[in-house]
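Here is the structure we will look at, set down as structure tokens.
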Amino acid sequence: MSPRAHGSPPTFRSGELRDPALTAALRTLELTVRRRLDGVLHGDHLGLIPGPGSEPGDAREYQPGDDVRQMDWSVTARTTHPHVRQSVADRELETWLAVDLSASLDFGTGVCEKRDLAVAAAAAVAHLTSGGGNRIGAVVSTGHETTRFPARGGRLHAQAMLRAVATTPHAPDGTRGDLRGAIEALRRPQRRRGLVVVISDFLGPVDWERSLRALSGRHDLLAVEVLDPRDLELPDLGDVVLHDPETGRTREFTTTERLRADYAAAAAEHRASVQQALRRCGAPQMTLRTDRDWIEDVVRFVAARRHSFGAPAKGGR
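When you line the sequence shown up against the numbering used here, it's residues 1170 to 1486, in that order.
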């Protein structure tokens, strides 16, 4: 079986809206997502990000770690035991994607580029949140331009949106990404309560935390981290010439043992700061890598979220 059959997304070429090869690639991606996720993940959007919604549900006894703001005082007074009122998600979900397609994603040493994996992640989210009157929209940022796609329902809209995301032109050399700007674009105008999915490699300064935290007061959040092995460590290649497309700088290096160790340490430190910022924002983090089966990672993440949400609280969150 070829590597693509094991989970490699197709490679997309920008700027070719009516290219038959692009149409075939998107069709292959859609079939791959549907075939491998259907039958494994059942249910609607509650399965993607299980958690509290806005509609009142049943009351149950309070357990340590429950949110005291959900206390049901009438039931508590009637039974003389503390109770909380559970909530269920709205039947119609509005999902917004903040897709980072900055120049740092135009890179990959695995079976695909990070940009291709970002499109594949968007396709998976579109599939998992589709149906039942749900709507999906997107804000796509390259650092050079920000493009908005309104939230609408239906398979045709989702296909058109994914096609437009896949054909987003690359940013000019020397253009820095603007993840904060993409997240800010979701704050105004204020949108109805729903799900916000941020897809990025999260490289660069962590200047987006305040914007993302502001969204968490109204929306459920999900962060999809798209990584390549070279984002985490350098191989022993000797003399190399590296070009940074976001600054336009080119430098020659010798990948000594000391340089490789410093690079790995700096990468680990930055990734830890990203994870801490996402945790403070209340955004679960799903990591997809160019050298792994990304659909298996999606299934593993959703299964873990379902298990952890369904488990009884044990003294805190």
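The beta carbon of each residue, even a glycine, is placed where N, CA and C say it ideally should be.
Does DSSP put residue i in a helix, in a strand, or in coil?
| i | result |
| --- | --- |
| E1426 | helix |
| V1365 | strand |
| R1470 | The question names Arg, but residue 1470 is Phe in the sequence shown. The answer is helix: DSSP assigns F1470 an H, G or I state. |
| L1198 | helix |
| R1173 | At R1173, the pLDDT of 47 sits below 50, so the modelled position is not reliable and the matter cannot be decided from this model. |
| V1395 | strand |
| T1245 | helix |
| D1269 | strand |
| T1264 | strand |
| R1321 | strand |
| G1212 | In this predicted model, G1212 has a pLDDT of only 48, less than 50, meaning its place in the structure is not dependable enough to derive any value. |
| A1436 | helix |
| L1348 | helix |
For the beta strand (DSSP E) containing residue i, name the first residue and the last one.
| i | result |
| --- | --- |
| G1306 | R1304 to S1310 |
| A1340 | Here A1340 belongs to no beta strand (DSSP E), and DSSP marks it neither H nor E. |
| G1457 | As written in the sequence, residue 1457 is Leu, which differs from the Gly given in the question. Note, L1457: beta strand (DSSP E), Q1454 to R1458. |
| D1408 | D1408 to D1413 |
May I ask which residues mark the beginning and end of the alpha helix (DSSP H) holding residue i?
| i | result |
| --- | --- |
| V1334 | R1324 to A1335 |
| W1377 | Here W1377 belongs to no alpha helix (DSSP H), and DSSP marks it neither H nor E. |
With distances taken from CA atoms, which of the options is nearest residue i?
| i | options | result |
| --- | --- | --- |
| D1235 | D1408, A1246, L1270 and P1251 | P1251 |
| E1415 | L1372, C1450 and F1422 | L1372 |
| L1457 | R1247, G1301, I1368 and A1333 | I1368 |
| D1462 | R1205, E1199, T1192 and T1264 | R1205 |
| G1451 | A1289, D1413 and R1379 | R1379 |
| V1365 | P1453, G1407 and P1374 | P1453 |
| H1439 | L1325, L1262 and D1370 | D1370 |
| Q1328 | L1286, V1237 and A1292 | A1292 |
State the CB to CB distance for the pair residue i and residue j, rounded to an integer number of angstroms; the pair is presumed to be in contact (CB under 8 Å).
| i | j | result |
| --- | --- | --- |
| L1401 | A1446 | At roughly 18 Å, the Cβ-Cβ gap does not stay under 8 Å, so L1401 and A1446 are not in contact. |
| V1309 | T1264 | Between T1264 and V1309 the Cβ distance is about 14 Å, and since that is not below 8 Å, they are no contact. |
| L1266 | A1307 | 4 Å |
Say the cut is 6 Å; is the CB of residue i nearer than that to a heavy atom of the ligand COA?
| i | result |
| --- | --- |
| A1295 | As for the ligand COA, it is missing from this structure, which has no ligand bound. |
- Task: Inspect the CB distances between the segment 1268-1278 and the segment 1339-1356 and report whether three or more fall short of 8 Å.
- Result: yes
- Message: Could you check whether the segment 1384-1394 touches the segment 1346-1362, counting it as contact only if at least three pairs of C-beta atoms, one from each stretch, sit closer than 8 Å?
- Response: yes
- Message: Count Cβ pairs between the segment 1298-1315 and the segment 1276-1283 that sit closer than 8 Å; are there 3 or more?
- Response: no
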